[in-house]
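One structure below.
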Amino acid sequence: IFGRKPIEDPFDIMQKRRIQYAFTMANIEDELHIPGLWSIFHQFLKEHCLKPSIAFRKTQTSWFNSYSLAIIFTNFAIANVSLFRDHSLVRAWLHKVDSNGGIYRHRWGDAPIHTLILTQLISRNQLVRLRYFG
27 IFGRKPIEDP FDIMQKRRIQ YAFTMANIED ELHIPGLWSI FHQFLKEHCL KPSIAFRKTQ
87 TSWFNSYSLA IIFTNFAIAN VSLFRDHSLV RAWLHKVDSN GGIYRHRWGD APIHTLILTQ
147 LISRNQLVRL RYFG
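The sequence shown lines up with residues 27 to 160 when you count with the working numbering.
As structure tokens, then:
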């Protein structure tokens, strides 16, 4: 079902390296599916006095400083649950998304919502792609 046999247990990898989020694939989102999400995220950054992180700028912005539409697929991901439950900025972002109504009006998916906040807040060494799955 997963293709080749995994080299190492992904849960062991995460625990040993203190990884917060692991995923299998990344791709580009269709801009039609996320109207307004980019501007809502920048409002969130301003409200919380945050500057875009290096990882965010590297992965989420295009040559013209607009949204690159890059997303982390969430169809197979492993997350440290406390990241979503206890991190105050992650919770604030999810609350902002929910109160904005974009999930209901525009059918925003979890992948772009998670990708924006993860690339902003999680250090690169705590976010890993599991290349031998998928």
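We treat Cβ as the ideally placed atom computed from N, Cα and C, and that holds for glycine.
This structure is a prediction, so every number in the text was calculated from the model and none was measured.
Starting from Asn126, follow the alpha helix (DSSP H) in both directions and report where the run begins and ends.
Boundaries of the alpha helix (DSSP H) around Asn126: Ser114 to Asn126.
Run through the DSSP bridge pairs and tell me what Ile129 is partnered with.
Looking at the DSSP output, Ile129 bridges to nothing.
8 Å Cβ cutoff met for Leu104 and Met51:
Residue identity differs from the one stated: residue 104 is Ile in this sequence, not Leu. Cβ atoms of Ile104 and Met51: not closer than 8 Å.
Stretch pair the stretch 98 to 113 + the stretch 65 to 82: three plus CB contacts closer than 8 Å:
No, the stretch 98 to 113 is not in contact with the stretch 65 to 82.
Mind checking whether Glu57 and Leu95 have CB atoms under 8 Å apart?
Contact flag set, yes.
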